[in-house]
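Enquirer: Here the numbering used here is used: the first residue of the sequence shown is 82, the next is one more, and so on.
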Amino acid sequence: MTAPPTDDGSTKSLLADIVSEMKALRHEVSNIRAAQGLSGGEDVNGGTWVDVLLKKIRGGVNREVIDDHIVGMRQTKAGSLLIELKGDQQQIKAVRVEVSRSAGENVEVKSLQQKAMVEIRDLDQLTDGEEVASAVAAEIGVNRDALKVVNVRKRFGGTQMALVTVPPAACQKMPANGRIRVGLVNCRVKLGNPKVRCFRCLSFRHMSKGCEDPDRSYCCRRCGGIGHKAAVCSAPASAVSDFARTIETADKYRT
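#1: When the Cα of Asn267 is compared with those of Val146, Ile328, Thr208, which residue comes out closest?
#2: Is it true that the CB of Leu135 sits closer than 8 angstroms to the CB of Met75?
#3: Given a threshold of 16 other Cβ atoms within 10 Å of its Cβ, counted over all protein chains shown, does Leu265 qualify as buried or as exposed?
#4: With which residues is Thr330 paired in a DSSP beta bridge?
#5: Gly273 and Val188: beta carbons closer than 8 angstroms?
#6: Taking buried to mean at least 16 other C-beta atoms within 10 Å of its own C-beta, is Arg262 buried or exposed?
#7: Suppose you measure from the CA of Arg326 to the CA of Ser319; what does that come to, to the nearest Å?
#8: Are the beta-carbon atoms of Val231 and Val217 separated by less than 8 angstroms?
#9: Is Pro317 helix, strand or coil by DSSP?
#10: Whose C-alpha, out of Glu211, Gly140, Met242, is nearest the C-alpha of Glu179?
#11: Looking at C-alpha atoms only, which residue of Leu228, Ala257, Arg234 is the closest neighbour of Pro248?
#12: Give me whichever residues DSSP pairs with Val246 in a beta bridge.
#13: For a test of the three-state rule: what should DSSP assign to Phe285, helix, strand or coil?
#14: Would you call the CB atoms of Met242 and Arg202 closer than 8 angstroms?
#15: Taking Ala175 as the reference, give the member of Ala184, His150, Leu163 with the closest Cα.
#16: Please report the distance separating the alpha-carbon of Glu165 from that of Thr157.
#17: Suppose contacts are defined by Cβ-Cβ distances below 8 angstroms. Is Val270 in contact with Pro256 by that definition?
#18: According to DSSP, simplified to helix, strand and coil, what is Arg269?
#19: Opposite Cys300 in the DSSP bridges: which residues?
#20: In this structure, how does DSSP classify Val133 when only helix, strand and coil are distinguished?
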């Protein structure tokens, strides 16, 4: 699930509490229920472990840190607790740390944040990703950590093109003339083709709120494998292509 940027330029992020060790968490939930005089898999009101987790977070967080940054909390179809936040990068990070602390060591907290893709063309052959990132950050007025250079690849004529993800709100600060200076070159810059991607099944053109496709939230977004993230994925090109075809087939079937 994603959300558009607010008018004040703040970003919205989603915190998804994913259970890394279900047995340990269920044991902890049982202990909490026992302490509350409850028994069995559900409490007297028909609640689930998410109810217990939510109560634990509500009762354990430092409300001065949370302030008014939480704008939504709900249980997902996959049984996770989804928390929607507003604020800048530092505020979101502080809330994430506080939620993680109050939830306990058996609960893994993941940050899911909507990003916009920017294409930068005409880079010279010596330009690297760090130089691109520094130039973009300075141009749109954001911290270097708020953006990521996805790749820098060679193009015809000895030039290069870079793909950079930036906070959606920062797109409003892109140069009106469609140019940005990187090194000595006044490069062409434009927004990439926006594609909505579901955080649950990893397919495109829909969001996780109404997704009924297989849950791939634990999978690598590049190859579909388990046990690693796309940032460190070393899967062969054949595996990446196979996963891309799987996603493409699912999109065609849905339409």
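C-beta atoms are modelled at their ideal positions from N, C-alpha and C, and glycine is treated no differently. Since we're looking at a predicted model, the values are computed, not measured.
Expert: A quick look at the data gives this:
#1: Thr208
#2: Only positions 82 to 336 of the chain appear in this structure, which leaves residue 75 out of reach.
#3: exposed
#4: Beta-bridge pairing links Thr330 to no other residue.
#5: no
#6: exposed
#7: 11 angstroms
#8: no
#9: coil
#10: Gly140
#11: Leu228
#12: The question names Val, but residue 246 in the sequence shown is Thr. Met198, Lys229, per the DSSP bridge assignment.
#13: strand
#14: yes
#15: His150
#16: 12 angstroms
#17: yes
#18: strand
#19: Ile307
#20: helix
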